[in-house]
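There are 6 protein chains.
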Amino acid sequence: MRPSGRKTDQMRAVSFERNVSKHAEGSCLVKFGDTHVLCTASLEDKTPPWLRNSGKGWVTAEYGMLPRATGERMKREAASGKQSGRTQEIQRLIGRSLRAVVDLGALGERQISIDCDVIQADGGTRTAAITGAWIALHDCLKWMEARSMVKVEKVLKDHIAAVSCGIFANQPVIDLDYLEDSAAETDANFVMTGAGGIVEIQGTAEGKPFSQDEFLTLLGLARNGIDELVSMQKTAIG
Amino acid sequence: MRPSGRKTDQMRAVSFERNVSKHAEGSCLVKFGDTHVLCTASLEDKTPPWLRNSGKGWVTAEYGMLPRATGERMKREAASGKQSGRTQEIQRLIGRSLRAVVDLGALGERQISIDCDVIQADGGTRTAAITGAWIALHDCLKWMEARSMVKVEKVLKDHIAAVSCGIFANQPVIDLDYLEDSAAETDANFVMTGAGGIVEIQGTAEGKPFSQDEFLTLLGLARNGIDELVSMQKTAIG
Amino acid sequence: MRPSGRKTDQMRAVSFERNVSKHAEGSCLVKFGDTHVLCTASLEDKTPPWLRNSGKGWVTAEYGMLPRATGERMKREAASGKQSGRTQEIQRLIGRSLRAVVDLGALGERQISIDCDVIQADGGTRTAAITGAWIALHDCLKWMEARSMVKVEKVLKDHIAAVSCGIFANQPVIDLDYLEDSAAETDANFVMTGAGGIVEIQGTAEGKPFSQDEFLTLLGLARNGIDELVSMQKTAIG
Amino acid sequence: MRPSGRKTDQMRAVSFERNVSKHAEGSCLVKFGDTHVLCTASLEDKTPPWLRNSGKGWVTAEYGMLPRATGERMKREAASGKQSGRTQEIQRLIGRSLRAVVDLGALGERQISIDCDVIQADGGTRTAAITGAWIALHDCLKWMEARSMVKVEKVLKDHIAAVSCGIFANQPVIDLDYLEDSAAETDANFVMTGAGGIVEIQGTAEGKPFSQDEFLTLLGLARNGIDELVSMQKTAIG
Amino acid sequence: MRPSGRKTDQMRAVSFERNVSKHAEGSCLVKFGDTHVLCTASLEDKTPPWLRNSGKGWVTAEYGMLPRATGERMKREAASGKQSGRTQEIQRLIGRSLRAVVDLGALGERQISIDCDVIQADGGTRTAAITGAWIALHDCLKWMEARSMVKVEKVLKDHIAAVSCGIFANQPVIDLDYLEDSAAETDANFVMTGAGGIVEIQGTAEGKPFSQDEFLTLLGLARNGIDELVSMQKTAIG
Amino acid sequence: MRPSGRKTDQMRAVSFERNVSKHAEGSCLVKFGDTHVLCTASLEDKTPPWLRNSGKGWVTAEYGMLPRATGERMKREAASGKQSGRTQEIQRLIGRSLRAVVDLGALGERQISIDCDVIQADGGTRTAAITGAWIALHDCLKWMEARSMVKVEKVLKDHIAAVSCGIFANQPVIDLDYLEDSAAETDANFVMTGAGGIVEIQGTAEGKPFSQDEFLTLLGLARNGIDELVSMQKTAIG
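Rendered as structure tokens:
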């Protein structure tokens, strides 16, 4: 039924490879099937201007795709001189999602920048990015803890993971790949904490509008998927 | 309880003033309380490059705020040389929402550009913009119908309206004004059709994560509010 | 003779609507016939870098047009990434004109930014903008006076108003609308004070060069028109 | 009285050096005292898009200053990524002034671009640029005439020259140098044809407003100066 | 002597991983020690404008670094809105180097874009990029050959590889890593063909000028290193 | 043999005109035949941010071409909104070359900016620029010495001059003009000190790769040419 042969509630093979960067304080190569995102966490010893002398720090994110991460080569954003609306939308989402589980006061007047660069894309890059970014952020905080800068459990209050769900061929399915994503009638992204709290919901009717019941089915699929992702994050950092 | 004294399920005073532009094919000044958005619809007799020779047209939207629409003057985007991520996110949302009820084939190879310019802001500019943009779009299609270019009912399949809901002071409330919006724990925007179909859902935890039940309460509030907005649209164009 | 049926020395209906913005310290919606410009004055409690520690303040202006203020939709400057030469020329003119009647020392180390946004255009947007901007500036200073920050009569030395004149169909006429403006052989903008002093003159031959006598006729027309505008300003703030 | 010791109606030493560029179809290094502007005319065998198939050509101008043309080094506009408002204002003025004496139909569907680059600045760069640009334009047309493309006298209907006048130390003076320009109360630029027709007038009160009589005195000074400049142009091309 | 303990004529461990991209027509992850560059080749079925109807194709390259490829996070070029001079210099070099061994006529009217993205940097990113880009280009041509579009040996006339050499601690050494690069007195990059022809030489004195003899020593080191790299390329594609 | 009739080892007529700018602390109009570059040195009493409190100063360079310096008019970089990769490459080269002979500590916390603007181009603009820039830099230091700010011989350790060599029609030749440059098989730029030390070598095969012997022949030609240029610099400042 699904192009990949997956069951409707079956996510792609997910993996986290930690410490993939020689330089970054935390890093993770996350794979959701053929979607590969390199997430690095960079610690800077200053907070943004609007937080100076507030005692608080900041966590921010940037997102990019390599030009040939996709089936057709896209124009390099650095060459075209600006980031697309889509890019900005995604990096704002990643930053917001991470900050939902961070105690910025416990972080202190520092900034952690998470770069999520899509090495290869096959649908669901933003949800993979959020899920992997959490690992990179965690490892950056571990690095800081090793230097007595913070206590990880004070700063990082919970897990964050994300998954997309959608209605494809009249079936609610989880973790859409590119083939599904480009044909889905409805596409929704869910970001939740380890405790099951909802942090972000973004649902869009691509074709005909969707009903509340359909939406609740997607939310249910997402909840199970995110539970699974959080378990895998726990194993990865265990 | 609410700064404005409104009840939790009470929207602000909403009004639509049509034909406010001497030049535009359709126009509407929409007010949600102190949030005032001028929506104009401009017909262009060509479709974007990627639709040429497809027989299909396009509906797109641009969004802007006058620099002193807000409590503190913001930098003029034309002067700073780029549109913010927030601006791009909103104009993409408006365009998507309108296209959800437009039959692009019935429109023919033409483009309608909806400009939503916030004259004065007091929270909820994007939802007011979508709701008013539908009127401007409708009136543009009427203008075209009067010239035998299209049949309105063939192109415009349904109403579209939008409203924000959120959790303010632990209470689910509808149609947040700026004071509520800046203090809300959860903020969600809903876009629905006249038939009650959901077109867009965007929910964000600003503070602590929200639960499924809280979200369903917000969705219920939104459904009632959007029903009301659609009635008012019907009266306005009646 | 004139497309509008006006006499050669007859301006369009002019009106000033004050306090149109909930947020701005001063605001005015000025109408010269179908040309409508929203002028807001924003007080900032710092002066530009080059005036720091000089004891002097600054008055500056920005100008913009909504994309569909005109007969054909224009590209949004924020989207195209820069302000046109015409926009910059006009906003420099507005700022210079206002500063000609302001005692920057009496203002103190503050900046007042006047935003002139053309809601609807039908010729003469820059002269309407200057004339309305003076009201917004005046009201901002009144706001400051009410808070004991300045004395209005110390800062604002005189009125400023502006009008265009031109040679249309071989006739010198005042306050050209778009139809006249686009067909005029000569087009001139005059900015004068309440006392009749000249602050700016900009005359351009669009077709054949003009003579000194023709120019003096235009100047005479402008003088009368500006006297009238200043009277109307006095009534408006009275 | 004047810093340079000149009489009030005395222009600086003016010279035109033709054919200073190996490549350009027409070129002129114009000097008004220490203000030196290199003007080149470049013929392109196509007209701008909006004139295609109109049978008409176009004359346009661009203006720039070398970074150290001035007393203090200015930021290079190419490096800062945009042309200032002042630059755009001046290049629009130069283009308009030249087009006032050109029969665009007689030019045919071609474009002549005049580049005016200020090698050294000492006040009055725009008026020197216009006066020198006319020579470059003339020589470009001569080059075309030699190739039987146009008849110079059909295309170029008259001379164009420009000079600044101002009120310095309460005295009306002509052709202000930098010292005078930066201290003048009133500053006006005049562009006229060989026949004495006025093409552009730009007068600005830098300090207190000026009167009609003062303005007429400046206009009289300008008229004499421009007569002189036109004579010198005639000698130069003679 | 060298921070890495390598001998003066010893390159770092070099490896080529082919087919690392699901989408690109050719791809290679090249590693020179801790310098890792992902090279993808993208075939487009059109040639740049200046080659249209010439029968010739084009090979071009773009270069980028992930923000945290380096010891300190660098600003993302897409966010800062332009590519640095260094980036442009390097991508021009890569493109030129590859074109030196390509018969553009045999390629036909197509363009191959090579993207070289530095995943991790430790000195020598441009030389690694050139060496890996050749593999990606080769594999793209193989892909085309499999579709009967070209003959590889007609298009690709030879190998291209590159290495840096420099004088570090008064010793000529090959393949400088970051520690050496930042302390080297002289730094030179060499690009050569499989047949030993020189395609590019770039030598720069960072501290004191260098002599012809020193330069010839570096050239000798480079020649041996490039011979080795070409052998490794042959093995990789063998 | 050569289009200009020059011998293979014969440079074009070279001249240096000093003090060509009324404003700059040092200036030189350098001519290599029909290539004319205006070099100005501007002293600023502050060092770049990264050198603050280091006791060191900085020498930097910017490069530009007037739009009609070339056979066909090029787009003005200030109008197109960015400097090309070629421009940035050249100005980085000029700055690096000059700094190779400057003791930045002896300069003190000041910056000297060298602007090299090509008034007319006929090949070899970068080498002419470097050679002339040295004169402008020298004269700026002399200006400073006259004000007891520095000792020239402490800051400026040696001469710097540059020349291009290439293989044209199978012959190694020096100082290529445009006709030769655009047809050369190999093109190399050499920057050397008065003492004969090499500061920069940039060699590029435009057509077929070159051999080490060919390269050494070019280097020999360059050495003689640069000796000559240094002698001429000595005469010029003598």
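Protein chains in written order, with full-length UniProt numbering: chain V, 1 to 238; chain W, 1 to 238; chain F, 1 to 238; chain Z, 1 to 238; chain R, 1 to 238; chain S, 1 to 238.
Just so you know, even glycine gets a beta-carbon here, dropped at the ideal spot from N, CA and C.
Residues that residue i contacts on chain W, provided the C-beta gap is smaller than 8 Å
i, result
"residue 22/F", "34, 120, 122"
"residue 78/F", "64, 76, 77, 78, 82, 83, 87"
Proximity test, residue i beta-carbon vs the ligand ADP heavy atom, cut-off 8 Å
i, result
"residue 203/W", "Looking for the ligand ADP in the displayed structure turns up nothing, as the structure carries no ligands at all."
8 Å contact criterion, which residue i and residue j should meet: CB distance rounded
i, j, result
"residue 1/Z", "residue 169/Z", "7 Å"
"residue 127/R", "residue 164/R", "5 Å"
For residue i, three-class secondary structure by DSSP
i, result
"residue 82/R", "coil"
"residue 14/S", "strand"
"residue 97/Z", "helix"
"residue 224/R", "helix"
"residue 155/V", "helix"
"residue 172/R", "strand"
"residue 138/V", "helix"
"residue 182/W", "coil"
"residue 149/S", "coil"
"residue 208/V", "coil"
"residue 1/V", "coil"
"residue 89/S", "helix"
"residue 62/R", "strand"
"residue 115/W", "strand"
"residue 20/V", "coil"
Chain S residues whose Cβ lies nearer than 8 Å to that of residue i
i, result
"residue 127/Z", "Neighbours of residue 127/Z on chain S: none; closest Cβ ~19 Å, over 8 Å."
Straight-line Cα distance separating residue j from residue i
i, j, result
"residue 194/S", "residue 155/S", "15 Å"
"residue 88/F", "residue 84/Z", "9 Å"
"residue 46/F", "residue 108/F", "9 Å"
"residue 93/Z", "residue 125/F", "20 Å"
"residue 86/W", "residue 95/F", "30 Å"
"residue 110/R", "residue 53/R", "11 Å"
"residue 177/F", "residue 115/F", "22 Å"
"residue 17/S", "residue 31/Z", "18 Å"
"residue 78/F", "residue 77/W", "5 Å"
"residue 204/F", "residue 204/Z", "15 Å"
"residue 104/W", "residue 228/W", "27 Å"
"residue 222/F", "residue 43/S", "49 Å"
"residue 11/W", "residue 26/W", "26 Å"
"residue 153/Z", "residue 113/Z", "19 Å"
9 Å Cβ cut-off: residues of chain F touching residue i
i, result
"residue 67/W", "40, 42, 62, 64, 113, 115, 117"
"residue 147/W", "Correct list: empty, because the minimum Cβ distance to chain F is about 17 Å."
Contact set between residue i and chain S, taken where Cβ atoms lie within less than 9 Å
i, result
"residue 70/Z", "23"
Residues that residue i contacts on chain Z, provided the C-beta gap is smaller than 8 Å
i, result
"residue 228/F", "Result: empty, since nearest Cβ-Cβ is about 18 Å, beyond 8 Å."
Neighbouring residues, chain Z, relative to residue i (Cβ below 7 Å)
i, result
"residue 54/F", "Chain Z residues near residue 54/F: none, gap ~17 Å exceeds 7 Å."
"residue 233/F", "By Cβ distance, chain Z contributes nothing, its closest Cβ being about 16 Å from residue 233/F, past 7 Å."
Closer than 9 Å at the beta carbon, the chain R residues around residue i
i, result
"residue 215/S", "198, 201, 219"
Closer than 7 Å at the beta carbon, the chain F residues around residue i
i, result
"residue 96/Z", "204"
Contacts that residue i makes with chain F (C-beta to C-beta distance below 8 Å)
i, result
"residue 73/Z", "Within chain F, no residue comes near residue 73/Z; the closest Cβ sits about 17 Å away, beyond 8 Å."
Beta-carbon neighbours of residue i, restricted to chain R and to distances below 7 Å
i, result
"residue 209/S", "100, 193, 197, 198, 199"
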